[in-house]
Amino acid sequence: MLGIKTLKEHLAILPDDLATLIETFAQISMDMQTNFPKYLSGVENEPNKYGEAVAKLDAWANKTLCDNLLQTGLVRKIYSEELQTPVEGREDAPFVITLDPLDGSSNITTNNAFGIILGIYRSDFPQKGRDLVAAAYKLYGPVNTLVYTTGKGVHEFVKHYYEDGAVRFLLLHENMKLPIKPEVFGVGGKPMQWSGNFREFAKNLFKEKKMRPRYCGTFVADFSQVLHRGGFFSYPSTEGAPDGKLRLAYECAPLSFICENAGGASWDGRSGSILDVQIEDADARIPLYLGNKEVIEELKKTQGN
Ligand code: F6P
Ligand code: MN
44 MLGIKTLKEH
54 LAILPDDLAT
64 LIETFAQISM
74 DMQTNFPKYL
84 SGVENEPNKY
94 GEAVAKLDAW
104 ANKTLCDNLL
114 QTGLVRKIYS
124 EELQTPVEGR
134 EDAPFVITLD
144 PLDGSSNITT
154 NNAFGIILGI
164 YRSDFPQKGR
174 DLVAAAYKLY
184 GPVNTLVYTT
194 GKGVHEFVKH
204 YYEDGAVRFL
214 LLHENMKLPI
224 KPEVFGVGGK
234 PMQWSGNFRE
244 FAKNLFKEKK
254 MRPRYCGTFV
264 ADFSQVLHRG
274 GFFSYPSTEG
284 APDGKLRLAY
294 ECAPLSFICE
304 NAGGASWDGR
314 SGSILDVQIE
324 DADARIPLYL
334 GNKEVIEELK
344 KTQGN
């Protein structure tokens, strides 16, 4: 049953600048979907800073989001996964943001879910994920959802079409918590390149814990399963990629912030929570493990931590 509260009403208790920024992000990402069919194939001539091919939709999403977010006058700097260098906004603007403009690009051509990840800070890097003022993600699935937190509860909204033609985000779940019983897990990378210890841990998730393997290949979609059903998600350190695949600033910090605010835990495979890792280089990758607290605790024990 849909709540009657709109996103705008829900944001009303926040400082005006933060509410406007989140509302603008929600509005742009809502409008963007109508243009997706135009950019379903093709790549840009130049690869991105990681040497990966940039899909037409990646490039278009990045430009659309950056242009519109800068226009609010609220953004001092944007660090984007798709930009060689951060883009500067007004010097006196209150926020520095991180953007994964299209999370799950490999799912564009297959018409599987993909999304957007946003991190909002008041200061510039170096700082930690724990310094986030807010984090949000958009998930384009069969329905279009937005999840945000400002550190006080995790809330989910769904794009709702009114009979008079209006379209708004309506509250779907407020103060979300990971269910107590972990049900699903997803792990990225090739199993034969995981460490032996980690492979054993993953095997026990279905063998002993009776959890179901579910892997979409889009971080926000895989995380959404953990948030709703309880479980575990990881893109671990692998042979050949000791830092994993996911990016600390654009992907891991914002979703760990949401996960921990929903009662879950995150781990960097080394020292502790992803949120306590100092972000010196916005483009750095990091191994990521997140999900229900007791699953993460067990993982730490089995990996010798
Ligand atoms: O942004 C990187 C990403 O697309 C994530 O959304 C996803 O978790 C991961 O890569 C999937 O990687 P792979 O294709 O190796 O499974
Ligand atoms: Mn991504």
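Residue numbers for the sequence shown follow our numbering, so the first one is 44 and each next one is one higher.
Beta carbons are placed, not taken as given, at the ideal position from N, Cα and C, and that holds for glycine.
Neighbourhood of residue i by C-beta distance below 6 Å, restricted to the same chain and skipping five residues each side
{"i": "alanine 245", "result": "Val230"}
{"i": "histidine 216", "result": "Glu199"}
{"i": "lysine 99", "result": "Tyr82, Gly85"}
{"i": "lysine 181", "result": "Ser72, Gly158, Ile159, Leu189"}
{"i": "arginine 257", "result": "Val227, Gly229, Gln268"}
{"i": "lysine 288", "result": "Tyr278"}
{"i": "phenylalanine 241", "result": "Pro279"}
Residues of its chain near residue i, where Cβ-Cβ distance is below 7 Å and the 5 sequence neighbours each way are ignored
{"i": "glutamate 66", "result": "Leu50, Lys51, Leu54"}
{"i": "methionine 44", "result": "Bear in mind that a pLDDT of 49 at methionine 44, under 50, signals an unreliable position, so the number given afterwards is only what the model happens to contain. Cβ within range, chain order: n/a, list empty."}
{"i": "leucine 145", "result": "Leu100, Asp101, Ala104, Phe157, Ile159"}
{"i": "threonine 107", "result": "Ile71, Met75"}
{"i": "leucine 57", "result": "Thr193"}
Where residue i falls, given that 16 or more other Cβ within 10 Å makes a residue buried
{"i": "leucine 83", "result": "exposed"}
{"i": "glutamate 226", "result": "buried"}
{"i": "asparagine 78", "result": "exposed"}
{"i": "alanine 325", "result": "buried"}
{"i": "glutamate 282", "result": "exposed"}
{"i": "isoleucine 223", "result": "exposed"}
{"i": "serine 149", "result": "exposed"}
{"i": "glutamate 30", "result": "The question about residue 30 has no answer, for the chain in this structure spans 44 to 348."}
{"i": "proline 185", "result": "exposed"}
{"i": "arginine 313", "result": "exposed"}
{"i": "aspartate 101", "result": "buried"}
{"i": "glycine 162", "result": "buried"}
{"i": "threonine 261", "result": "buried"}
{"i": "glutamate 89", "result": "exposed"}
{"i": "aspartate 207", "result": "exposed"}
Rounded Cβ spacing between residue i and residue j (contact assumed at less than 8 Å)
{"i": "phenylalanine 276", "j": "alanine 178", "result": "Wrong, their Cβ atoms sit about 16 Å apart, outside the cutoff."}
{"i": "isoleucine 329", "j": "aspartate 286", "result": "6 Å"}
{"i": "valine 187", "j": "glutamine 76", "result": "At residue 187 the sequence reads asparagine, which differs from the valine that was named. Asparagine 187 to glutamine 76, Cβ: 6 Å. Contact."}
{"i": "valine 176", "j": "threonine 193", "result": "7 Å"}
{"i": "lysine 120", "j": "aspartate 167", "result": "6 Å"}
Residue i - partner residues in DSSP beta bridges
{"i": "leucine 182", "result": "Gly158, Thr188"}
{"i": "glutamine 70", "result": "In DSSP, glutamine 70 forms no bridge with anything."}
{"i": "isoleucine 47", "result": "Its beta-bridge partners do not exist; DSSP assigns none."}
{"i": "valine 227", "result": "Arg255, Gly274"}
{"i": "glutamine 170", "result": "Ile322"}
{"i": "alanine 177", "result": "Ile163"}
Cut-off 8 Å between Cβ atoms - residues of its own chain near residue i, not counting five sequence neighbours on either side
{"i": "valine 118", "result": "Leu64, Leu112, Gly132, Arg133, Ala136, Phe138, Val139, Ile140"}
{"i": "tyrosine 183", "result": "Gln76, Phe79, Ala156, Phe157, Gly158"}
{"i": "glutamine 236", "result": "Thr281, Glu282, Gly283, Ala284"}
{"i": "methionine 254", "result": "Pro225, Glu226, Val227, Phe228, Leu248, Gly274, Phe275"}
{"i": "glycine 116", "result": "Gly132, Arg133, Ala136"}
Alpha helix (DSSP H) runs contained entirely in the stretch 76-156, provided each spans 4 or more residues
99-114
Which residue spans inside the stretch 190-217 form an unbroken beta strand (DSSP E) run of at least 3?
197-204, 210-216
Whole alpha helix (DSSP H) runs in the stretch 255-295 with 4 or more residues, listed along the chain?
262-272
Inside the stretch 295-341 only - beta strand (DSSP E) runs reaching at least 3 residues:
308-310, 331-334
What is the chain-ordered set of residues for which the beta carbon lies under 6 Å from any non-hydrogen atom of the ligand GTP?
Although the ligand GTP was asked about, the structure shown includes only the ligand F6P and the ligand MN as ligands.
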